Each structure stands twice: as C-alpha cells, then as structure tokens.
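Single-structure report; data block below.
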Ligand code: ADP
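In the working numbering, the protein residues as written are 46 to 692.
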C-alpha cells in the first residue's frame, strides 16, 4: 500500500451482488470470461468511437485488441485491452456502484428467487462475476485522454482500494487471482485454476466470444522439433517456441450466412449486445441489395427493459456499422422512437466511414434504411401474432404501449401497425385485434365501438356500455393511457369509423333520433333548469338513447376532451382548462321520469337542482372520477338517505 492508497466501501447493493456471486454454486463459472471480454470489447468500441472526433486518442492504424495472459505460478489470469480505460472517478462509479441495469435486475430477481444459482448465468453480472473464480481482483487502467493511471483492488469483502499506478499503457488490465478450488471443486474440470490452461481458455473464448470483433489473443507455447542447419528436424530433439494465437474468429455474426448461425450463437450475441438475460422473442436477419446495400440483424426482446418509458431514453437501440467499424451505438436515425425496444446491428458499407451524428441525421440513405427496417419489423410482428399468439400476447403486454406510439406519431397511414395491436374487449377475456373485431361485426353494425378508461374494471362498469351490450355489439376497452392519443389518429380501420362511446352523440337510427328530439322539445323546461343548476360544470343537458339501466352519463362535447383524457393530462401535470361536458339523461329511466313529473308540478323546486348535482356526481364516479365537491355530494346523499330512512 502506498501513502496514496484509499479504501472505499462498496455500495450496499454491490456487496449483495458480490456475496451472491462468491457463494454461488453456479457451475458455469466460465461466463466470467465472457463478461470481461465483453467489457473489454465495449471499451475498444468506445475508444474507436471517441477517436472519430478526437484525433489525439489513438495512433492511426494502431491495432486494437484484447490479450489474455497467464501467470501459472502466481495463479493469475489477466485480461488486457487497449481501449478507452477509466479515470479515477469512473473506477469508483463503475466498479464501486451498480453501473449496469442488468446487474440491478439480477439483484431484483435474486431477491425474488432464492436458490436460483442459474440466475448468474442468465443475467451475467458483468464485472463482478470475476469473483466467482478469483479471491482477489485488481484493475489497472489509464484513460485514453489522461496521463495518470490507477489501480483498483478488492477481495470482494466489502471494500476496495484505489491507488495511483505508474507506467500503464492506455486501456485496462484486469488481473484475477484464481482461488484455490473449494471442496466441491476438486475435480480438475471444476477448479477455478483451470482457467490458466490454454485449451480451457480457447474453448471458452470460442464458445462465448467468437464473434467479438477485436482479436482475443494469447501467447502460446509450442514445442516443435529442433531443426539442424539445413532445416531438417533433428530426431529426438525439440524446442519451445512461443507465438501469438488469436482465439476467436472475429467474424461478426451478421456477416455470416443465416443458415450457419446456431441459436446458441444468436443467444450469445444478443447477450453481448444487450446485456439482457432473457432470450429474445425473435430475430430478423437480412441483407438488402441494390443501390444501397446493407445487412441488418435485429432482435425483438421478450421482456421490457426497466427504462422503456424513460423520457430521456427514447432513441433507437440499433448500432450502425460501416465496414466493420462501429459508427454509432444507438443510432437514432435507424429506427423511430416507437421501435426503440428493437436491438441489433445494421452494417452499411455504402456510407462513408467519417459520417458524423449530424450528417447522419439528414442522410437520405438512412431514411431509406429506416423505412425498410420499420416495414420488416412490423411484418415480423404480424407473423409472430399469426403464428405464436401466446408469446406475442405476453410480448405485446410489455411493448404494446410503445408500439402504439407509432400510430399517434403518424407513422401508420396504412394501418399496418394498428393491425398488430391487441386490445381488451367486451368479447371475453382474451385481447383481440381490430381485424378480428371487424370480422365479428354484424352486417348492420357500421362502426367500431371503443371506450377508454383507467382500467378494465372501470370501463366494464360504465353505463356507456349499456346500449351496445343490449344490441349484442362488441366494444374495445382501451385501458392503456396511450390509447387516448392513439384514438386521435386511429379514427378509421378497414373502412369503418372508430368511435369512442363517450364522445359526441350516440349512434342511433332515424326513428330513435326523431323520438328523442321530440322528447327534448317537450321537456325543454326541465332540461333547461337542470342545465342552469349545473351551469359551471356542463355544456349541455340532453336526452340520450345510449343508456338502458342508468339514469345519466357524461360524454365529451363535440371536439372536447373525454373525462379520461382530462384526468390523464391533469395527472401528468398539464394545465388543462376546465372541460364542460354533456350530461345525458335516459328518458326511459324511472328517476328521469320522476324529474319530469316533479318539474311539471313545481318548475322551481329546489330538489331539481339537487337532483342535477347528484346525477352529475354519480356520472363522474361511474367513469372512475370523483364528484367536484365531494363534501357537498356526500351531504346531498346523506340528506337523501335521511329522507328515505325517516320519511
Ligand atoms: P456492464 O458492462 O453491464 O455495464 P459491468 O459491471 O461489467 O457492467 O461494468 C461496469 C462498467 O465498468 C462498464 O459499464 C464500463 O463502464 C466499466 N468497465 C468495465 N470493464 C471495463 C474495461 N475493460 N475498460 C473500460 N471500462 C470498463
């Protein structure tokens, strides 16, 4: 320890991860190498990327790579890269706290599922997996843009040390002091020290890191027959030679023929790309030829990342390569925001290597690629929907709200996105597609009914469903917050209007309309005095034919916001002007008839106003809202009850 050594404590969560890792019985310990090589490869990507805009970071033509070094006597395995390196602050932040979301998720899942040693393998706990095989780990690193280097050391026991380190080249060397085998590891093929052997390292690299684009190299010793002066082997004599062997083929997965890539290779590549521990739902691998040539390898995840709705993280997650060089990791011009969950790689060799973020944005070639990718992804969604309904349903539950953003973003002129959406429906508990809905429509049903609301329970209880239910017509129950926005664009499907039940006038036939209008004329006085009582809250009071069992309901005025939308906007902190909606009364309902009678007897009865307030409050409650003045509403109900109990 030098005078400058500082001891830090790990963040509590890191310590939790470490003790899970150290005490894990997980047998697949070799994944630590995959994780460390993957970190090294990321660090090389970062260097290459930063050096596009910062000439000083690396020499031109310099070779980038990853080296494995073995010190058999000291039982040390080193993984070295000449990548971006880390500053002192980065060391503390990256290795002392939980930097990666994958690790955080691992911890959450581990808390839920005790005794699940396989979790480590599924998640890959990144750097910390080193402690599965090592009882001491040191990281020596120098950042590409810094002169000073640092050494981080820990035994995984609650703290780590940081001190300055002299004489380091650019990049990072991770040294693992491979621990002695535990009792259960006495077999040579279980010992952590087997990772000192060349063939073991070769095997593990080939299995997990073959596609890493940088060479993973190692000095190997060969014994070859000794040669005499004429170059002929001397019998019985041999000599040791060392050579640098590259252990991985470095062939990017996407550049290989589709049929030759195994599922395991895809699984590894996906994990390398995403740090996602769950297998993807599906993949798309295709090349486009013509004036613009490119290859795409895209994965649709099966589980939503925790930050899917993080407003600061709405860019595409597909990386752009030009001639094997990673140009942009999350190239936002390759896919629109509503496909931000798609992960993968596009390589286009027709683009210049020196493209920058700025020029990419306006590049018509990228727009052309994007258009094609969107079409391919949506086609794939359609075929998943058709062929794997169960899986697709779970997928849509996770990603549906994001996919629907594509509709309100105006990217769905041809309804192809709408066609892959699933909606709750009154037609049973299974979600349905719009096309299935249309197929079930009776010949005389002209419009697609939808109803938005906060939850299935709330909308199912809505009085607005009464007349459609009575007619045996299906209603789509749109309970995703995003649905309100979707409806602003999704006004038609398959030539049929999509009409929210709570907006505008009810769909009614000519006879019904005439009858209603006559009634309204006849009881103009009553409707007028109810309206007067609710002057501040409603735009109109009218009769409706859309109710069966309930006396009243609130609907949006023509062009106005629905109650659900108003509540959503308020909740998201927006200043929405007070919306006056329409209170509709069911003229067939006994209560409404009673009001007609009361008005006939005493047009000025104060009970008319109170009834108006009660009906309005009740209608608000029925749609999952609350009366405007709950105290006053409660008082009116109490008075009413008092009347019925005592009177
Ligand atoms: P993840 O790789 O999933 O982000 P890790 O725990 O493996 O999580 O690593 C944490 C962070 O430490 C990385 O995100 C990276 O910033 C940094 N890091 C790890 N290894 C290296 C390396 N060889 N060179 C530079 N930075 C590294």
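All C-beta atoms in this analysis are idealised placements derived from N, C-alpha and C, irrespective of residue type, glycine included. Note that the coordinates shown come from a computational prediction; the quantities given were computed from them, not determined experimentally.
Between the C-alpha atoms of residue i and residue j, what's the straight-line distance to the nearest angstrom?
i: residue 425; j: residue 341; result: 14 Å
i: residue 134; j: residue 141; result: 10 Å
i: residue 511; j: residue 421; result: 41 Å
i: residue 280; j: residue 290; result: 27 Å
i: residue 244; j: residue 231; result: 19 Å
i: residue 296; j: residue 311; result: 13 Å
i: residue 430; j: residue 533; result: 25 Å
i: residue 404; j: residue 374; result: 16 Å
i: residue 637; j: residue 589; result: 12 Å
i: residue 535; j: residue 480; result: 14 Å
i: residue 73; j: residue 66; result: 12 Å
i: residue 565; j: residue 571; result: 9 Å
i: residue 181; j: residue 85; result: 19 Å
i: residue 352; j: residue 358; result: 7 Å
i: residue 222; j: residue 196; result: 15 Å
i: residue 316; j: residue 606; result: 45 Å
i: residue 413; j: residue 299; result: 20 Å
i: residue 476; j: residue 470; result: 6 Å
i: residue 666; j: residue 601; result: 15 Å
i: residue 184; j: residue 267; result: 30 Å
i: residue 314; j: residue 396; result: 24 Å
i: residue 460; j: residue 653; result: 48 Å
i: residue 62; j: residue 202; result: 11 Å
i: residue 587; j: residue 387; result: 49 Å
i: residue 255; j: residue 211; result: 33 Å
i: residue 331; j: residue 339; result: 9 Å
i: residue 635; j: residue 560; result: 18 Å
i: residue 428; j: residue 457; result: 18 Å
i: residue 610; j: residue 543; result: 17 Å
i: residue 91; j: residue 111; result: 14 Å
i: residue 446; j: residue 349; result: 11 Å
i: residue 519; j: residue 507; result: 14 Å
i: residue 121; j: residue 438; result: 49 Å
i: residue 277; j: residue 287; result: 20 Å
i: residue 56; j: residue 198; result: 15 Å
Does residue i pass the burial test, meaning 16 or more other C-beta atoms within 10 Å, or should it be called exposed?
i: residue 102; result: buried
i: residue 68; result: exposed
i: residue 334; result: exposed
i: residue 484; result: exposed
i: residue 50; result: exposed
i: residue 143; result: buried
i: residue 171; result: buried
i: residue 415; result: buried
i: residue 175; result: buried
i: residue 187; result: buried
i: residue 509; result: buried
i: residue 214; result: exposed
i: residue 649; result: exposed
i: residue 354; result: exposed
i: residue 372; result: buried
My understanding is that residue i touches residue j, with C-beta atoms under 8 Å, so please give their C-beta distance in whole angstroms.
i: residue 608; j: residue 668; result: 5 Å
i: residue 82; j: residue 124; result: 7 Å
i: residue 328; j: residue 343; result: 7 Å
i: residue 597; j: residue 551; result: Contact doesn't hold; Cβ gap of about 13 Å is too wide.
i: residue 487; j: residue 579; result: At roughly 37 Å, the Cβ-Cβ gap does not stay under 8 Å, so residue 487 and residue 579 are not in contact.
i: residue 549; j: residue 603; result: 5 Å
i: residue 599; j: residue 621; result: Wrong, their Cβ atoms sit about 16 Å apart, outside the cutoff.
i: residue 441; j: residue 467; result: 5 Å
i: residue 114; j: residue 241; result: With 8 Å as the limit, residue 114 and residue 241 do not qualify as a contact, their Cβ atoms being about 10 Å apart.
i: residue 522; j: residue 537; result: Incorrect: roughly 19 Å between the Cβ atoms, too far for contact.
i: residue 419; j: residue 465; result: So it is not a contact: roughly 12 Å between Cβ atoms.
i: residue 568; j: residue 641; result: 6 Å
i: residue 615; j: residue 670; result: About 10 Å separates the two Cβ atoms, so there is no contact after all.
i: residue 368; j: residue 394; result: 5 Å
i: residue 496; j: residue 547; result: 6 Å
From the beta carbon of residue i, is the nearest beta carbon of chain C less than 9 Å away?
i: residue 592; result: In the structure shown, chain C cannot be found, because there is only a single protein chain.
Under 8 Å: does the beta carbon of residue i sit that close to some heavy atom of ligand 3?
i: residue 351; result: Judged by which ligands are present, ligand 3 is missing from the structure shown, whose ligands are ligand 1.
Touch test, the segment 506-523 against the segment 592-600, Cβ-Cβ under 8 Å, three pairs minimum: yes
The segment 317-331 contacting the segment 261-269, beta-carbon criterion three pairs below 8 Å: no
Any 3 or more C-beta pairs closer than 8 Å across the segment 445-456 and the segment 525-532: yes
contact_flag[the segment 115-129, the segment 147-155] where n(CB pairs < 8 Å) is 3 or more: no
Meets three-Cβ-pair contact criterion under 8 Å: the segment 376-392 and the segment 347-365: yes
Any 3 or more C-beta pairs closer than 8 Å across the segment 95-110 and the segment 268-287: no
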